[in-house]
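Each residue of the first sequence is one higher than the one before, counting from 1 in the UniProt record's numbering.
Below you'll find the structure, written out as C-alpha cells, and then a few comments.
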Amino acid sequence: MRRLDKTSLLTNYRQLCTLPAASHPATYNILSCNRKIAECVRNDQTPSAQDLFDQMPVRDVVSWNTMLSGLQKAKNPHGVNRCFSQMTRDGFRPNEYTVSIVLNAFLGTAFNVLVSQVHAVVVRLALNSSVFVGSALMKGYANAGNRVALSGVFDEISVKDVSSWNALVSSYMELGCIHEAQTVFDGMLERNVVSWTSLVNGYISNKRVNKARSVFDKMSEKNVVSWTVMISGYVRSHKFVDALDLFVLMLKSGTRPNHFTFSSVLDACAGCSSLILGQQVHSSILKFGVPEDVIMSTSLVDMYAKCGDIGAALCIFRSMPRKNLVTWNSIIGGYARHGLATRALEEFQSMTECGCRPDEVTFVNLLSACGHGGMVEKGEILFNSMKAKFGVEPKVEHYACMVDLYGRAGELEEAEKLIQGMPFQPDVVVWVALLGACGLHSSLELGELAATEIDKLGHAHPARYSTLSRIHGERGAWNSVQEFRKTMQQKGIRKQNAGSWVESPQGMR
DNA sequence: ATAGGGTTAG
C-alpha cells in the first residue's frame, strides 16, 4: 500500500483547490464554453479562443469546428491541419462544417495538395452530397488545376443551389475554361448578382476586360462587389482612366464604395500619377467614413508616393495603427523613387526594429535607392546581407539592381563581373541596366555586347536602340545613328513614354 | 455555439 506523507497530502490538497471547475465533466457546460470561443473568434482573438479550447476537459464537434474556424480566420493553415488531425485522433467524426472549414483554410496554400485526401475522408463519411462541402471541394480542385475532379464533385452534389452553380462558373474561369464557364452560366435556371459577378470576374482574370465590361453592362442589379470587380479589372489591365470613369458612374448610381473599391481606385490614381484625383479620392474616403484598413491605407501611402507627395505618404504611413510588410515596402519604395536613399535606409532600420521581416521587394527598393544615391558600398553590404542575415535569396532583379548600381557609378567591369558570376541566366532587365550604364559612360564595346544579348533574348526593347544610338552619336559615328533610327522606324519602336507628375501623361481628360 | 459562391495594396 502506498504511503502518504504530510507533504504529498498537502500537494494533493493544493491541487484540489487550484483545479478549475472545468475538471468536473459532469457539471461542465460545453455549450457556454463553445459560445465563448465563438465570441473570441468573431473578435479576431484566436489565441484566447485557443486558450479556452485547450482548457476544455470535454469537447464536442462544435468546439472543434469553432476552433478550426478561428484558425482559418487567422490564416493559419498549419494550425488547422494540426487541429484537424488531433480531432480525428481523438475519435471525433468530422461533419460538413469541419470539412468546409478545413478545405477553405487550405485553399491557396501549400496544404491544398491535401484536397484529394480530404475528399477521400468526405466520401468515407458520406458528406459528398452537401452543398457546402461540394463548393469547398470544387474550389480546392480548381486551385489544384484538376478539372476532371472538379466536375465530378459538382455532379455528386445531390441538391444543387445557386451557390454551387456559381462555384462551378468561377472554378471553370479559374482554370481558364472560359467557354465552359459561359455555357454553365447560360444553362443556369436561377442567377443572382454573384453569378453575374463571377462571370465578369472570370473574364477579367482571363484578360478579357472588354468582354467583362459588356457582361457588366448587361447586369440588371449591381452591388459594391460587382462595381469593384469591374473597376479593379480596369486597373489590372492598366486602363486607369476607364477605372476612374467607372468609379464616377458607381457614385452616381448611389452605390456606396468600400475599402476594396477605394484600394483599386487609389491604384488608378497612382497609375496616372494624378495627385489631384488622389486627393479627391482621399477626401471621399473620409467623407464616406470608411473604417481604417491596412490595405486601403497602404494604397493611400503608395498613391501619395507615386504622385510625388512623399510628405503626405509619410503622414498616412505614420498614422497607421497597423503596418505590414507591404506597407513598409510602399514607403521605402516611395523614398527610393524620390531619390531619398538615406530616408529609405532609415525606414528599413525601423522596419527591422519593429520585427517586420523584409522580403525580395524590400531589397529591390533598397538596392535601387542605393543606385540612385550612388551608395555603392552600402548597396554591396545590403546585397550580401540578404541571404546571410535575412534569409532572402537574391533573384535576377536584385542582380539587375546591382548591375545598375555599379554601372551608374562607372564601375562597368564590376557590373560585367557580376553578370558573369550570376547563378542564373541574365534577363533583359540586367542587360538593359548594363546598356544604360554604357550609355552613361560612353562604353561602346560593352554596350554592343549588351545590345546583342538583348537581341538574342528576342526583345525589341526601345532602350536597346535609343541608348546605343546615343553612344554612337557621342562617338561621332553618325552613319550608325541613322541606321539605328531607321531600324527603329522599321520595327515601329518609339521611345518609351516618360511619366511625369507635372504633365500627368495618362491623367485627367 | 460552427460552414459555402463574386472584390483590395508593395
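Ideal Cβ positions, reconstructed from N, Cα and C, are used throughout, including at glycine.
Inset, instruction - Note down the Cα distance separating residue 62 from residue 267, rounded to an integer number of angstroms. - result: 42 angstroms
Legend entry - Alpha carbon of residue 301 to alpha carbon of residue 331, nearest angstrom: Those two C-alpha atoms are separated by around 7 angstroms.
Legend entry - Residue environment, residue 113, which counts as buried when at least 16 other CB atoms sit within 10 Å: exposed
Inset, instruction - Please list, in chain order, all residues of the same chain as residue 257 whose beta carbon is under 7 angstroms from its beta carbon, the five residues on each side excluded. - result: Close CB contacts of residue 257 within its chain, under the 7 angstroms cut and outside five residues either way in sequence, are with 224, 250, 288 (chain order).
Legend entry - For residue 207, three-class secondary structure by DSSP: Correct three-state label for residue 207: coil.
Legend entry - Delimiting residues of the alpha helix (DSSP H) encompassing residue 376: 376–390
Legend entry - Reduced DSSP category for residue 215 - H, G, I as helix; E, B as strand; rest coil: Residue 215: helix per DSSP, three-state reduction.
Inset, instruction - Measure the C-alpha to C-alpha separation of residue 324 and residue 457 and round it to an integer number of angstroms. - result: 37 angstroms
Legend entry - N-terminal and C-terminal residue of the alpha helix (DSSP H) that residue 182 is part of: Per DSSP, the continuous alpha helix (DSSP H) segment holding residue 182 begins and ends at 178–186.
Legend entry - Under 8 angstroms between C-beta atoms of residue 305 and residue 334: yes
Inset, instruction - Look up residue 40 in the DSSP assignment and say whether it is helix, strand or coil. - result: helix
Legend entry - Of the residues 422, 416, 197, 299, the one placed nearest residue 393, counting alpha carbons only: 422
Inset, instruction - Count the other C-beta atoms from every protein chain shown that fall within 10 angstroms of the C-beta of residue 437, then say buried if there are 16 or more, exposed otherwise. - result: buried
Inset, instruction - Identify, in the order they occur along the chain, each residue of the same chain with its Cβ nearer than 6 angstroms to the Cβ of residue 242, setting aside the five sequence neighbours on each side. - result: 234
Legend entry - C-alpha gap between residue 380 and residue 426, whole angstroms: 19 angstroms
Legend entry - CB of residue 69 within 8 angstroms of CB of residue 41, strictly: yes
Inset, instruction - Kindly examine the ligand ATP and report whether one of its heavy atoms sits closer than 7 angstroms to the Cβ of residue 75. - result: The model depicted lacks the ligand ATP and carries no ligand whatsoever.
Inset, instruction - Could you check the C-alpha separation between residue 418 and residue 269 for me, to the nearest Å? - result: 38 angstroms
Inset, instruction - Report the option in 397, 171, 370, 162 whose CA atom is closest to the CA atom of residue 151. - result: Of the candidates 397, 171, 370, 162, the one whose C-alpha sits nearest the C-alpha of residue 151 is 171.
Inset, instruction - Would you mind working out which of 395, 442, 396, 383 sits nearest residue 407, comparing C-alpha positions? - result: 442
Legend entry - Same chain, Cβ closer than 6 angstroms to residue 271, five either side skipped, listed in chain order: Correct list, in chain order: 240.
Legend entry - Inter-residue CB distance, residue 164 and residue 131 (contact presumed, cutoff 8 angstroms): By a beta-carbon distance limit of 8 angstroms, residue 164 contacts residue 131. Their separation comes to about 5 angstroms.
Inset, instruction - Would you mind working out which of 147, 175, 186, 218 sits nearest residue 202, comparing C-alpha positions? - result: Taking only the C-alpha atoms, the option nearest residue 202 is 175.
Inset, instruction - Output yes or no for whether 8 angstroms exceeds the beta carbon distance between residue 390 and residue 358. - result: yes
Legend entry - Cβ distance (whole Å) where residue 221 is taken to contact residue 193 below 8 angstroms: 5 angstroms
Legend entry - Contiguous alpha helix (DSSP H) assignments of at least 4 residues, all confined to the UniProt repeat "PPR" (60–94): 61–73, 77–89
Inset, instruction - Look at residue 261 and residue 228 and say whether their C-beta atoms are less than 8 angstroms apart. - result: Yes, they are a contact pair.
Legend entry - Chain-order list of residues whose beta-carbon lies under 7 angstroms from that of residue 364 (same chain, five-residue window excluded): 397, 398, 401
Legend entry - Same chain, Cβ closer than 7 angstroms to residue 29, five either side skipped, listed in chain order: Annotation for residue 29: no residue places its beta carbon closer than 7 angstroms to its own, counting only its chain and skipping 5 residues before and after.
Inset, instruction - With a 10 Å radius around its C-beta and 16 neighbouring C-beta atoms as the bar for buried, classify residue 349 as buried or exposed. - result: Using a 10 angstroms sphere on the CB of residue 349, the tally of other CB atoms stays under 16, which defines it as exposed.
Inset, instruction - Look at the alpha carbon of residue 129 and the alpha carbon of residue 137, and state the distance between them as a whole number of angstroms. - result: Rounded to the nearest angstrom, the two C-alpha atoms are 11 angstroms apart.
Inset, instruction - Taking only the alpha-carbon atoms, compute the straight-line gap between residue 341 and residue 292 and give it to the nearest angstrom. - result: Going by the C-alpha atoms only, they are around 29 angstroms apart.
Inset, instruction - May I ask you to report which of helix, strand or coil DSSP gives residue 279? - result: helix
Inset, instruction - Could you tell me which of 88, 78, 146, 373 sits nearest to residue 125, measuring between CA atoms? - result: 88
Inset, instruction - Please say whether residue 115 and residue 144 have beta carbons closer to each other than 8 angstroms? - result: Yes, they are a contact pair.
Legend entry - Beta carbon of residue 101 nearer than 8 angstroms to that of residue 72: Judged by their CB atoms, residue 101 and residue 72 are nearer to each other than the 8 angstroms cut-off.
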